[in-house]
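Trainee: The structure follows.
Protein chains: 4
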Amino acid sequence: MDVKAIQARLAQFAEERDWEQFHSPKNLSMALAGEAGELLEVFQWLTEKQSSRESLTAEQLNEVSDELADILIYALRLADRLEVDLEAAISQKIDKNAARYTVEAARGNARKR
Amino acid sequence: MDVKAIQARLAQFAEERDWEQFHSPKNLSMALAGEAGELLEVFQWLTEKQSSRESLTAEQLNEVSDELADILIYALRLADRLEVDLEAAISQKIDKNAARYTVEAARGNARKR
Amino acid sequence: MDVKAIQARLAQFAEERDWEQFHSPKNLSMALAGEAGELLEVFQWLTEKQSSRESLTAEQLNEVSDELADILIYALRLADRLEVDLEAAISQKIDKNAARYTVEAARGNARKR
Amino acid sequence: MDVKAIQARLAQFAEERDWEQFHSPKNLSMALAGEAGELLEVFQWLTEKQSSRESLTAEQLNEVSDELADILIYALRLADRLEVDLEAAISQKIDKNAARYTVEAARGNARKR
Numbered sequence: 456m457d458v459k460a461i462q463a464r465l466a467q468f469a470e471e472r473d474w475e476q477f478h479s480p481k482n483l484s485m486a487l488a489g490e491a492g493e494l495l496e497v498f499q500w501l502t503e504k505q506s507s508r509e510s511l512t513a514e515q516l517n518e519v520s521d522e523l524a525d526i527l528i529y530a531l532r533l534a535d536r537l538e539v540d541l542e543a544a545i546s547q548k549i550d551k552n553a554a555r556y557t558v559e560a561a562r563g564n565a566r567k568r
Numbered sequence: 456m457d458v459k460a461i462q463a464r465l466a467q468f469a470e471e472r473d474w475e476q477f478h479s480p481k482n483l484s485m486a487l488a489g490e491a492g493e494l495l496e497v498f499q500w501l502t503e504k505q506s507s508r509e510s511l512t513a514e515q516l517n518e519v520s521d522e523l524a525d526i527l528i529y530a531l532r533l534a535d536r537l538e539v540d541l542e543a544a545i546s547q548k549i550d551k552n553a554a555r556y557t558v559e560a561a562r563g564n565a566r567k568r
Numbered sequence: 456m457d458v459k460a461i462q463a464r465l466a467q468f469a470e471e472r473d474w475e476q477f478h479s480p481k482n483l484s485m486a487l488a489g490e491a492g493e494l495l496e497v498f499q500w501l502t503e504k505q506s507s508r509e510s511l512t513a514e515q516l517n518e519v520s521d522e523l524a525d526i527l528i529y530a531l532r533l534a535d536r537l538e539v540d541l542e543a544a545i546s547q548k549i550d551k552n553a554a555r556y557t558v559e560a561a562r563g564n565a566r567k568r
Numbered sequence: 456m457d458v459k460a461i462q463a464r465l466a467q468f469a470e471e472r473d474w475e476q477f478h479s480p481k482n483l484s485m486a487l488a489g490e491a492g493e494l495l496e497v498f499q500w501l502t503e504k505q506s507s508r509e510s511l512t513a514e515q516l517n518e519v520s521d522e523l524a525d526i527l528i529y530a531l532r533l534a535d536r537l538e539v540d541l542e543a544a545i546s547q548k549i550d551k552n553a554a555r556y557t558v559e560a561a562r563g564n565a566r567k568r
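Residue numbers (the working numbering), protein chains in the order written: chain W, 456 to 568; chain E, 456 to 568; chain U, 456 to 568; chain D, 456 to 568.
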């Protein structure tokens, strides 16, 4: 995924519409969380099994795809505004989790540490 | 960003810990929304101006970076489980938004359509 | 507010529709968070000033009222399912906050402790 | 539940700490959604069955009780700021849902209408 190219496209989109005034990091965090709420609504009355790829209808899969796109768009836009290097942040987070949840201690339980 | 490589790393991480049982799409949507909630908490008492890159402390920026990483991790993991092509989904969404919010109609207002 | 009467009404509503199967605490927490996301969407592109009673349109106020009702409904239903005494929980929380954020220390700043 | 008394207590709490400046409806919606995210985190890796009253540990029940209190506190505070009559809003919403989801049509399925 060419993160910088997508961020450039999103920045241009906002600029052309004079939307930069709305895209404060605070507001973008709200928009992202709003989309995460819409994602929840797809799954809220489904069992875990019904939420699997095999069980979802094409329409539900499209909805999920749509909401994930919205979430990514706001995450990338927010990262751009705050000059956060997403790829480095993800990599650091996975390393941190590997140290926090060692294979031995975490096997079969997802309890928070 | 090498999405497939990150997804492979996350899948291996889960497999080694026998965490696949927890990573139903339903559960991943909850984890993602939980992290989006933590992102909100960084900004909730700040003004929009205080939420800008220039005004945040290094600690706050680190927190945002951390939460964004968590959100991306769950989004990528969920996309993997449901075989959603994130890059295509984002591109389609931007095209859709361009048609929905034309420059003329949307200039200076972000009202939902 | 007669919490028990509302909870009884909600329980009957669910029973008549055979919806108890959907109302696990897990699912209710998702529904509540989904509605909290919709509440965010009302405010996300407004400034703090524009979010005040004086500045919102009647339509926006109705939306907020609607989302707050949804949030309360799911909160009351969840409390009922888990036999949580909401009034006691609120009272304890305010006492706890009073000890945690003393007037002297917290005056004029909302930093988390 | 004496909603007005709780709202008066919350208003006094904020006033004594000079926190009214932070309690714009926009900010309160963020705080509420942040707490809803924390509620999700209690349940995210549990099965629906494990999320029932019988299966939760005392500690988990306390966490849920705590998060529900936080959610209610922000909902009541927001309703106060916007002069929303919560009890009327809830009652209207239940009536609306009864018309939207008739017993015949909705029996056994929770599909959104």
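Backbone N, C-alpha and C fix where the C-beta goes; we use that ideal spot for every residue, glycine too.
Enumerate in chain order the residues of its own chain whose CB-to-CB distance from Y529 (chain W) is below 6 Å, with the five nearest sequence positions on each side excluded.
Mentor: Closer than 6 Å at the Cβ level, and outside the excluded window around Y529 (chain W), lie L483, A486, L487.
Trainee: Distance check for R566 (chain W) and V497 (chain U), CA to CA, integer angstroms please.
Mentor: Roughly 35 Å separates the two Cα atoms.
Trainee: Going by DSSP, what residue range makes up the alpha helix (DSSP H) through A513 (chain E)?
Mentor: A513 (chain E) -> alpha helix (DSSP H) spans 513-536.
Trainee: Just to confirm, are R562 (chain E) and V558 (chain W) a CB contact at a threshold of 9 Å?
Mentor: Cβ atoms of R562 (chain E) and V558 (chain W): not closer than 9 Å.
Trainee: What whole-angstrom Cβ distance do E503 (chain E) and S506 (chain W) have, given they're in contact under 8 Å?
Mentor: No, E503 (chain E) and S506 (chain W) are not in contact; Cβ-Cβ is about 36 Å, not under 8 Å.
Trainee: Roughly how many angstroms separate the alpha carbons of R532 (chain U) and F468 (chain W), rounded to a whole number?
Mentor: Approximately 42 Å, taken between the alpha carbons.
Trainee: What residue from D:N552, D:L501, D:L527 has the CA that sits closest to M456 (chain U)'s CA?
Mentor: M456 (chain U) has its Cα closest to that of D:L527, out of D:N552, D:L501, D:L527.
Trainee: Q476 (chain W): buried (16+ other C-beta within 10 angstroms of its C-beta) or exposed?
Mentor: So Q476 (chain W) counts as exposed.
Trainee: Using a Cβ-Cβ cut-off of 9 Å, state whether G492 (chain U) counts as contacting chain W.
Mentor: Answer yes: the Cβ-Cβ gap between G492 (chain U) and chain W drops below 9 Å somewhere.
Trainee: Using a Cβ cut-off of 9 Å (strictly closer), state whether A565 (chain E) contacts chain W.
Mentor: So, interface residue.
Trainee: If distances are taken between C-alpha atoms only, which option among E:A544, E:D525, E:Y556 comes closest to A543 (chain W)?
Mentor: Among E:A544, E:D525, E:Y556, the Cα nearest to that of A543 (chain W) is on E:D525.
Trainee: Going along the region 497-511 of chain U in order, which residues come within less than 8 Å of chain W, judged by CB to CB distance?
Mentor: The residues in question are F498, Q499, W500.
Trainee: Can you list, in chain order, the residues of its chain whose CB lies under 8 Å from that of L494 (chain E), leaving out five sequence neighbours each side?
Mentor: Counting only Cβ-Cβ distances below 8 Å, and skipping sequence neighbours, we find V519, E522, L523, I526.
Trainee: Taking the alpha-carbon of V539 (chain D) as reference, which of U:E509, U:A553, U:Q499 has the nearest alpha-carbon?
Mentor: The shortest C-alpha separation from V539 (chain D) is found at U:E509.
Trainee: Less than 9 Å between the beta carbons of Q462 (chain E) and G489 (chain D), yes or no?
Mentor: Contact flag unset, no.
Trainee: Would A491 (chain U) and A491 (chain D) qualify as a contact pair, given that the criterion is a beta-carbon distance under 9 Å?
Mentor: Cβ distance < 9 Å, so A491 (chain U) and A491 (chain D) count as in contact.
Trainee: Which residues mark the beginning and the end of the alpha helix (DSSP H) in which E493 (chain D) is found?
Mentor: 480-498 is the span of the alpha helix (DSSP H), which, as asked, contains E493 (chain D).
Trainee: Sort E:D535, E:I549, E:T512 by Cα distance to R464 (chain E) and report the nearest one.
Mentor: Out of E:D535, E:I549, E:T512, E:D535 has the C-alpha closest to the C-alpha of R464 (chain E).
Trainee: Are the C-beta of M456 (chain W) and some C-beta of chain U separated by less than 9 Å?
Mentor: Answer no: the Cβ-Cβ gap between M456 (chain W) and chain U never drops below 9 Å.
Trainee: For chain D, is any of its Cβ atoms less than 9 Å away from the one on E538 (chain U)?
Mentor: Taking Cβ atoms only, chain D reaches closer than 9 Å to E538 (chain U), which makes this a yes.
Trainee: For F477 (chain W), name the three-state secondary structure that DSSP assigns.
Mentor: The answer is coil: DSSP assigns F477 (chain W) none of H, G, I, E or B.
Trainee: Run the CB neighbour count on K551 (chain W), radius 10 Å, all protein chains shown included, and call it buried at 16 or more, exposed below.
Mentor: Classification for K551 (chain W): exposed.
Trainee: What residue range does the alpha helix (DSSP H) around S564 (chain U) cover?
Mentor: Looking at the sequence itself, residue 564 (chain U) is Asn, so the reference to Ser does not match. It is not in any alpha helix (DSSP H) - N564 (chain U) carries neither H nor E in the DSSP assignment.
Trainee: Can you tell me where the alpha helix (DSSP H) with S546 (chain D) in it begins and where it stops?
Mentor: Segment 541-555, the alpha helix (DSSP H) holding S546 (chain D).
Trainee: Using a cut-off of 8 Å between C-beta atoms, extract the partners of R532 (chain E) located in chain W.
Mentor: None at all; the shortest Cβ gap to chain W is about 11 Å.
Trainee: Out of U:A513, U:I549, U:N517, state which residue places its alpha-carbon closest to the alpha-carbon of Q547 (chain D).
Mentor: Nearest option by C-alpha distance: U:N517.
Trainee: Quick check on this structure: which residue in E:L537, E:E514, E:L501 has the alpha carbon closest to the alpha carbon of T512 (chain W)?
Mentor: Of E:L537, E:E514, E:L501, the residue nearest in Cα terms is E:L537.
Trainee: Going along chain E, which residues have a C-beta under 7 Å from F477 (chain D)?
Mentor: Within chain E, the residues near F477 (chain D) are W500.
Trainee: Where A460 (chain W) and E470 (chain E) are concerned, what is the direct C-alpha to C-alpha distance, given to the nearest angstrom?
Mentor: Looking at the two C-alpha atoms, the distance is approximately 33 Å.
Trainee: Is E471 (chain D) close to chain U? Criterion is C-beta to C-beta, closer than 9 Å.
Mentor: Yes, contact with chain U.
Trainee: Beta-carbon within less than 6 Å of R568 (chain E)'s beta-carbon, same chain only, minus the 5 sequence neighbours each way: which residues are those?
Mentor: Cβ neighbours of R568 (chain E) beyond the five flanking positions: R555.
Trainee: Assuming S481 (chain D) contacts L541 (chain U) (C-beta within less than 8 Å), just tell me the rounded distance between them.
Mentor: Residue 481 (chain D) is actually Lys in this sequence, not Ser. Actually they do not touch by this definition, with Cβ atoms about 25 Å apart.
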